[in-house]
C-alpha cells in the first residue's frame, strides 16, 4: 500500500531555498489561503482535485499543507492512493510555517 511521509518545516524550507522541484498544495479554505500561504502553493479542494490529479506531474514530490498538520495527513494518504509515489504531510501546517517564516508568506 502506498502511503505518505511526514515532512518538517526546516526540511521544506531547505527544499524551497534550494529550488527543489516539488508540488505544494494547500487544502485550507479559500479565505485562509487568500490571507496567506506558502509561496508557490496552490489551493486544492474537492472541486479542483480531479483536474489536479489529471494535470500534475507524478515525478515531483507532493507536499500537502493544512492548518496544523492534521487534516493534511488524510489528504496525503488519499493522494498517495491515487498513484503519487512521493507524498508528504507538512507537520505543524501553515500555522507553524507562518510562525517560523513570517517573511515567507505570500498574500
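Residue numbers (this note's numbering): 19 to 125. Backbone N, C-alpha and C fix where the C-beta goes; we use that ideal spot for every residue, glycine too.
Backbone secondary structure at residue 29 - three-state DSSP: helix
Span of the alpha helix (DSSP H), counted from its first residue to its last, around residue 97: 89 to 99
Beta strand (DSSP E) segment containing residue 44, residue limits: 41 to 44 is the span of the beta strand (DSSP E), which, as asked, contains residue 44.
Under 8 Å, with one C-beta from each stretch per pair, do the stretch 34 to 52 and the stretch 63 to 83 reach the 3-pair mark? Flag = yes, the stretch 34 to 52 and the stretch 63 to 83 touch.
Determine the DSSP secondary structure at residue 67, reduced to helix, strand or coil. helix
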